[in-house]
Amino acid sequence: MEESNKFKYLNIAKNKGINVPDLIYINFENYNQDTVKLFLKKSSSKYFIIRSAIQVEDSISKSYAGHFYSSSKISKENILKELLTVKNKNEELITEYNLDLKVTLFIQEFIDSKIGGISFFPWKYYSKHFLTNISTSGIQNCVNGVDSTSYLISIDKLFKISKYEDSLNLIDEFIKEKLISLILKLKEIFSFKFDIEWIYYNKQIYLVQIRPVTIEPSSILNENENIKKYNITQLNKNSTQLEMNWQFTQFSENLGILSPLSFSLIQKLFNESNTYLQEINFKALNSNYLHRLTNGQVLVNVDKYNSNFNNCSIFSAFLRGLNNYKQLNLINEFIENYLKSQKSKFNYNLIVKIFGYWQQSIIYSYGFKEKFNSNYYSHNEYELTNIFPLPTPSFKYLKNWNLVKNLLKLLFLFELNKLKIELQKSNFDFQFLEFDYYLQIRHNSSHFSSSLNTSKIRENYIKDLELGVFDIEFFLENSNQKVKSSLNSKKIKSIKGEVIVIKNSNLNLEQLHITLIPKSEKKILISKYFKNEWISQIENFKAIILELGGELSHSAIVAREKNIPYVIQQKDITSKFKTGDLIYYNSKTSSFEKK
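Taken in order, the sequence shown gives residues 663 to 1257; the numbers are from the numbering used here.
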């Protein structure tokens, strides 16, 4: 059985010289008690922790953060006995989640330290910054979101933001430097955006977990009033005023947070895809319906978006049906030729064709009804700072549009990876280039890096970050905002309904189940904080509002993955409402109020 990512990533880091507490993998299919005894005997540690390492944990798309059981600290003498307890509890959870998996664990030396934290690198698409939550009462409180303070930290002195970073007094400048050093080392080892847990002990930073970032924290500033507040008024070259038909939609949600380069590429590809939409009888006269805010979120001009998909005639749907098999054969032929003759270098004309056929296949697959807005994109798939290893696709004639759509999406990401790899070989922050400028200098020069004005790129980086950093204000204690954080991009004004107020956050899972009865309609949870033990119940809530909490905690991560609105740092909110109250979010006062 292959080692789980949770163990594998830590072991890779340890073998590369990162400080990782000693650990041993436990696979019960070939469990050898003597091997465990030898590991314990060689260790100088008095205490250990047994951690889950289930195969589904810490994947690129889903983390299962906090879903499985890990022990608290255990003395060396009790490890063998506790192994069976942890195994049995995780077997019960695997059954509860309806997974066809075996329990695997690892034993790790326990380091008792009050200082620890969670860090996401890079923060959004800013390759020189990471977001970190730090606790002075133990890493577990940070993971639970009970006690943590947020900081935005630069790994490069040239890219500091004085307004935010220089004013932050970290617990110790020495800890900050050690943490930056750890991030830099991990950046060289792992290609994915990572979420790490770490502790500080005896003047050293120790890595205790690393996983890929699935969905990042994001701003809640999606409404027009808030956009105006940040003086974002020029939405396109022909308009200097905020048009009311620019909205944050499901389409925006699916695109996620985009860098300037990613956005300009996607915008260009949508423009190029008009020809392909016209081929299947849509008007598609303009694609200028996207606008990127300085925090990376995307607005949609709904009128222009809808007009782009108007039919050319009342016979359009009939004509699409008539050409269905002809178009399916054409795209199959293209895919077969692409896979036979694909090149290692990025080819813009080729990605245009893949993208255009992909848009066609989405329409054929969904019949172009409301479902066209469905979640066929995933967060960060377009982001050019992210390289995910993709399997080389193989070809077999595809007989339905759903299969074609899925394969074309994979081909698009496969081709996009070539561009990412090319750009990442250059030592500058390429994500602040406009894509047209990239094409221009690539066409005119064989020495891509030397053609760039790196000082201008640095200037654009800092300017963009200063303008886009306003969502960090929701994380800082001195913020004047009443609503400090919504940890997914879903509109906060959608939070309305009946509440369940839990003042005792120590309820166990069984007691929480009793509190949730009846379950006929999902309620809004209001609580001091979100206990890790409750994580499997997140989908039973319409939204979660907490007095405490951290944007990088386990429950925050899972809420983002499940698209559940999650709001933190709402002081005294458990005293403001009682169970059964109907509440809503008042955008005028930026607060939650009783109906």
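Ideal placement from N, C-alpha and C gives every residue a C-beta, glycine not left out.
Is there a Cβ of chain C sitting closer than 8 Å to that of K1165, yes or no? Among the chains of the structure shown, chain C does not appear; only one protein chain is present.
Out of V718, V960, P922, state which residue places its alpha-carbon closest to the alpha-carbon of K1125. The shortest C-alpha to C-alpha distance from K1125 to any of V718, V960, P922 is the one to P922.
Counted within 10 angstroms of its Cβ, other Cβ atoms place G1242 as buried (16 or more) or exposed: Exposed is the call here.
Taking the beta strand (DSSP E) that L917 falls in, what are its first and last residues? Careful: L917 lies outside any beta strand (DSSP E), inside the alpha helix (DSSP H) at 912–917.
List the endpoints of the continuous beta strand (DSSP E) containing K1204. Residues 1203–1208.
Roughly how far, in whole angstroms, is the beta-carbon of N936 from the beta-carbon of S949, given that I think they are within contact range, below 8 Å? 6 Å
In the structure shown, what three-state DSSP assignment does Q909 receive? strand
What is the rounded straight-line gap between the Cα of N673 and the Cα of K1058? 38 Å
Find the nearest neighbour of S1215 within the set S1198, K1233, F1192, judged by alpha-carbon distance. Answer by Cα proximity: F1192.
Given this structure, state the Cα-to-Cα distance separating Q1022 from W1063, to the nearest angstrom. 9 Å
Sequence-distant residues of its chain with Cβ nearer than 7 Å to N681 (five each side left out): These residues qualify, in order along the chain: Q866, I867, Y868, L869.
Could you pull the DSSP bridge partners for I686 from this structure? I769
Per-residue burial, G679 [other beta carbons within 10 Å of its own, 16 or more giving buried]: exposed
Determine the closest residue to I817 out of V964, G1211, F782, with distance taken between C-alpha atoms. F782
Use the C-beta contact count for Q1173: other C-beta atoms within 10 angstroms, 16 or more gives buried, fewer gives exposed. So Q1173 ends up on the exposed side.
Rounded C-alpha distance that separates K670 from K1082: 25 Å
Given that a residue counts as buried once 16 or more other Cβ atoms are within 10 Å of its Cβ, and exposed if not, what is D720? buried
Report all residues from its chain with a CB closer than 8 Å to the CB of Y759; omit the five preceding and five following residues, and keep chain order. H729, S1198
Using CA coordinates, which residue listed in L955, F980, S705, L947 is at the minimum distance from D965? L947
Find out if the Cβ-Cβ distance for the pair I1013, E1077 is shorter than 8 Å. yes
Given a cut-off of 8 Å on the beta-carbon distance, is the pair L920 and V962 in contact? no
Kindly give me the distance between the Cβ atoms of N1068 and F1094, rounded to whole angstroms, as I take these residues to be in contact under 8 Å. The pair is not a contact, with the Cβ atoms about 32 Å apart (cut-off 8 Å).
Any idea what DSSP makes of L1244, helix, strand or coil? strand
What three-state label does DSSP hand N886 in the structure shown? Note that N886 has pLDDT 45, beneath the 50 cutoff, so the model's placement of it is unreliable and no number is given.
Taking all protein chains shown into account, decide if Y1099 is buried (16 or more other Cβ within 10 angstroms of its Cβ) or exposed. exposed
Whole angstroms are fine: how far does the CA of T794 sit from the CA of A675? 19 Å
Relative to the C-alpha of P879, which candidate in L844, F996, K786, I815 has its C-alpha closest? K786
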